[in-house]
Amino acid sequence: MKELHNEDIFDKIKVADAICITTNCSIYNHINPMGALAGAAAQRWKNIPEIYAKLIYIAGNVPCILGHISKDNPKDFISIFEEIYLDRSKYTLLIAVPTMYKLGEPADFNLVERSMSLLLELTNDYNLNPVYAVRFGCGVGGLDWQTQVYPTANELLDDRFIIMNK
(Lines of atoms letter the chains of each structure in order from A and count residues from 1; the text may use other names and numbers.)
(Lines give C-alpha, C1' and ligand atoms only; values in the text may rest on other atoms or scores of the structure.)
Protein backbone atom coordinates (compact mmCIF):
# COMPACT_ATOMS: atom_id res chain seq x y z
CA MET A 1 0.00 0.00 0.00
CA LYS A 2 1.21 3.46 -0.88
CA GLU A 3 0.07 6.83 0.43
CA LEU A 4 -0.36 10.04 -1.51
CA HIS A 5 -0.89 13.39 0.17
CA ASN A 6 -2.62 16.62 -0.84
CA GLU A 7 -4.22 15.43 -4.07
CA ASP A 8 -7.85 14.99 -5.07
CA ILE A 9 -8.99 11.41 -5.69
CA PHE A 10 -11.22 12.57 -8.56
CA ASP A 11 -8.11 13.86 -10.37
CA LYS A 12 -6.94 10.22 -10.59
CA ILE A 13 -9.77 9.04 -12.86
CA LYS A 14 -7.56 9.23 -15.97
CA VAL A 15 -4.85 6.99 -14.47
CA ALA A 16 -6.77 4.64 -12.16
CA ASP A 17 -8.33 1.28 -12.86
CA ALA A 18 -10.64 2.07 -9.94
CA ILE A 19 -11.40 4.79 -7.44
CA CYS A 20 -13.12 3.97 -4.18
CA ILE A 21 -15.55 6.13 -2.28
CA THR A 22 -16.27 5.39 1.35
CA THR A 23 -19.97 5.09 2.10
CA ASN A 24 -22.63 4.43 4.69
CA CYS A 25 -25.16 1.62 4.34
CA SER A 26 -28.34 3.63 4.95
CA ILE A 27 -31.29 3.58 2.60
CA TYR A 28 -34.01 6.24 2.69
CA ASN A 29 -36.71 6.46 0.01
CA HIS A 30 -34.79 3.99 -2.18
CA ILE A 31 -31.57 6.00 -2.22
CA ASN A 32 -28.36 5.98 -0.22
CA PRO A 33 -27.89 9.41 1.41
CA MET A 34 -24.26 9.89 0.52
CA GLY A 35 -22.20 12.27 2.61
CA ALA A 36 -18.59 13.49 2.59
CA LEU A 37 -16.56 11.92 -0.27
CA ALA A 38 -19.51 9.85 -1.51
CA GLY A 39 -21.60 13.03 -1.48
CA ALA A 40 -19.01 14.74 -3.66
CA ALA A 41 -19.22 11.79 -6.06
CA ALA A 42 -23.03 12.03 -6.04
CA GLN A 43 -22.73 15.69 -7.07
CA ARG A 44 -20.71 14.59 -10.10
CA TRP A 45 -22.82 11.57 -11.06
CA LYS A 46 -26.39 12.14 -9.91
CA ASN A 47 -27.65 8.56 -10.19
CA ILE A 48 -25.14 6.83 -7.89
CA PRO A 49 -27.20 7.17 -4.65
CA GLU A 50 -30.01 5.17 -6.30
CA ILE A 51 -27.58 2.68 -7.86
CA TYR A 52 -25.88 2.06 -4.53
CA ALA A 53 -29.20 1.60 -2.71
CA LYS A 54 -30.15 -1.11 -5.24
CA LEU A 55 -26.79 -2.79 -4.73
CA ILE A 56 -27.21 -2.74 -0.94
CA TYR A 57 -30.60 -4.46 -1.40
CA ILE A 58 -29.00 -7.06 -3.70
CA ALA A 59 -25.61 -7.70 -2.11
CA GLY A 60 -25.71 -6.22 1.39
CA ASN A 61 -23.03 -4.13 3.04
CA VAL A 62 -20.08 -5.04 0.84
CA PRO A 63 -17.88 -3.15 -1.62
CA CYS A 64 -19.78 -2.74 -4.89
CA ILE A 65 -18.92 -1.52 -8.36
CA LEU A 66 -21.31 1.37 -9.03
CA GLY A 67 -20.30 1.86 -12.63
CA HIS A 68 -17.73 3.12 -15.09
CA ILE A 69 -16.30 6.62 -15.49
CA SER A 70 -14.93 7.66 -18.86
CA LYS A 71 -11.22 8.46 -18.67
CA ASP A 72 -11.58 10.83 -21.63
CA ASN A 73 -14.62 12.65 -20.25
CA PRO A 74 -14.98 12.09 -16.47
CA LYS A 75 -18.48 13.60 -16.53
CA ASP A 76 -19.66 10.50 -18.41
CA PHE A 77 -20.76 7.73 -16.05
CA ILE A 78 -22.26 4.39 -17.04
CA SER A 79 -24.18 2.50 -14.36
CA ILE A 80 -23.25 -1.08 -13.52
CA PHE A 81 -26.86 -1.94 -14.39
CA GLU A 82 -26.48 -0.90 -18.03
CA GLU A 83 -25.63 -3.94 -20.10
CA ILE A 84 -22.98 -2.89 -22.55
CA TYR A 85 -19.47 -4.02 -23.35
CA LEU A 86 -16.82 -1.49 -22.41
CA ASP A 87 -13.16 -1.29 -23.26
CA ARG A 88 -11.79 -1.31 -19.71
CA SER A 89 -8.74 0.69 -20.76
CA LYS A 90 -11.06 3.65 -21.44
CA TYR A 91 -12.97 3.54 -18.15
CA THR A 92 -12.29 3.73 -14.44
CA LEU A 93 -14.45 1.71 -12.09
CA LEU A 94 -16.22 3.58 -9.30
CA ILE A 95 -16.42 1.37 -6.21
CA ALA A 96 -18.47 2.04 -3.07
CA VAL A 97 -16.72 0.82 0.09
CA PRO A 98 -18.94 0.73 3.19
CA THR A 99 -17.34 2.02 6.38
CA MET A 100 -20.36 2.97 8.51
CA TYR A 101 -23.76 1.37 8.90
CA LYS A 102 -25.84 4.53 9.24
CA LEU A 103 -25.30 8.04 8.01
CA GLY A 104 -24.27 10.24 10.92
CA GLU A 105 -22.90 7.40 13.04
CA PRO A 106 -19.20 6.72 13.49
CA ALA A 107 -17.43 4.28 11.21
CA ASP A 108 -17.41 0.68 12.42
CA PHE A 109 -13.90 -0.78 12.47
CA ASN A 110 -15.12 -4.35 11.88
CA LEU A 111 -17.04 -3.17 8.79
CA VAL A 112 -13.97 -1.24 7.60
CA GLU A 113 -11.74 -4.30 8.03
CA ARG A 114 -14.22 -6.58 6.22
CA SER A 115 -14.65 -4.00 3.43
CA MET A 116 -10.89 -3.74 2.90
CA SER A 117 -10.61 -7.53 2.73
CA LEU A 118 -13.46 -7.80 0.22
CA LEU A 119 -12.05 -4.89 -1.78
CA LEU A 120 -8.81 -6.83 -2.11
CA GLU A 121 -10.78 -9.81 -3.49
CA LEU A 122 -12.59 -7.53 -5.95
CA THR A 123 -9.25 -6.05 -7.00
CA ASN A 124 -7.88 -9.54 -7.62
CA ASP A 125 -11.01 -10.71 -9.47
CA TYR A 126 -10.92 -7.76 -11.87
CA ASN A 127 -7.11 -7.49 -11.99
CA LEU A 128 -7.23 -3.81 -11.01
CA ASN A 129 -4.08 -1.71 -10.77
CA PRO A 130 -3.88 0.99 -9.53
CA VAL A 131 -6.78 1.40 -7.10
CA TYR A 132 -7.16 4.79 -5.44
CA ALA A 133 -8.99 5.12 -2.12
CA VAL A 134 -9.12 7.38 0.90
CA ARG A 135 -8.36 6.54 4.51
CA PHE A 136 -11.17 4.07 5.21
CA GLY A 137 -13.42 5.18 8.08
CA CYS A 138 -11.28 8.18 8.97
CA GLY A 139 -12.38 11.77 8.54
CA VAL A 140 -16.16 11.91 9.02
CA GLY A 141 -16.11 8.27 10.23
CA GLY A 142 -13.94 9.27 13.17
CA LEU A 143 -11.47 6.37 13.17
CA ASP A 144 -7.80 7.17 13.70
CA TRP A 145 -5.67 6.30 10.68
CA GLN A 146 -2.37 5.75 12.46
CA THR A 147 -3.53 3.69 15.43
CA GLN A 148 -6.71 1.98 14.20
CA VAL A 149 -6.89 1.63 10.43
CA TYR A 150 -3.34 1.88 9.05
CA PRO A 151 -1.99 -1.30 10.74
CA THR A 152 -4.77 -3.42 9.19
CA ALA A 153 -4.72 -1.61 5.83
CA ASN A 154 -0.95 -2.02 5.59
CA GLU A 155 -1.28 -5.74 6.30
CA LEU A 156 -4.17 -6.35 3.87
CA LEU A 157 -3.55 -4.03 0.94
CA ASP A 158 -0.62 -4.39 -1.44
CA ASP A 159 1.16 -1.87 -3.68
CA ARG A 160 -1.76 -1.70 -6.14
CA PHE A 161 -3.60 0.44 -3.55
CA ILE A 162 -2.87 4.13 -3.26
CA ILE A 163 -4.43 5.77 -0.23
CA MET A 164 -5.14 9.45 -0.60
CA ASN A 165 -4.94 11.89 2.28
CA LYS A 166 -6.07 15.40 1.56
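Numbering (this note's numbering), first residue to last: 1366 to 1531.
Virtual Cβ for every residue (Gly too), placed ideally from N, Cα, C.
Just checking, does the stretch 1504-1524 make contact with the stretch 1464-1484 on the three C-beta pairs under 8 Å criterion? yes
Does proline 1516 come out as helix, strand or coil in the three-state DSSP assignment? Locating residue 1516 in the sequence shown gives position 151, where the first residue counts as 1. In the structure shown, proline 1516 sits in a helix (DSSP, three-state: H, G or I).
For the 8 Å Cβ check, are there 3 or more pairs between the stretch 1512-1526 and the stretch 1488-1501? yes
Starting from valine 1496, trace the beta strand (DSSP E) in both directions and tell me its first and last residue. Here residue 1496 is taken as the residue at index 131 of the sequence shown, counted from 1. Residues 1496-1499.
Can you give me the start and stop residues for the alpha helix (DSSP H) that leucine 1458 sits inside? By 1-based counting over the sequence shown, the position of residue 1458 is 93. Note, leucine 1458: premise wrong, no alpha helix (DSSP H); beta strand (DSSP E) at 1456-1465.
Beta-carbon gap between serine 1444 and glycine 1425 smaller than 8 Å: Position 79 of the sequence shown, counted from the first residue, corresponds to residue 1444. Position 60 of the sequence shown, counted from the first residue, corresponds to residue 1425. For serine 1444 and glycine 1425, no; Cβs fall outside 8 Å.
Bridge partners - threonine 1387, DSSP secondary structure assignment: Here residue 1387 corresponds to residue number 22 of the sequence shown, with the count starting at 1. Its beta-bridge partners are Val1462.
Contact check, leucine 1369 vs methionine 1529, beta carbons under 8 Å: The residue labelled residue 1369 in the question sits at position 4 within the sequence shown. The residue labelled residue 1529 in the question sits at position 164 within the sequence shown. In contact: leucine 1369 and methionine 1529 (Cβ atoms closer than 8 Å).
Proximity below 8 Å, CB of leucine 1459 to CB of isoleucine 1384: As a position in the sequence shown, residue 1459 is number 94, starting the count at 1. As a position in the sequence shown, residue 1384 is number 19, starting the count at 1. Going by C-beta atoms, leucine 1459 is nearer than 8 Å to isoleucine 1384.
Identified DSSP bridge partners for lysine 1367: As a working note, residue 1367 is residue 2 in the sequence shown. Its beta-bridge partners are Ile1527.
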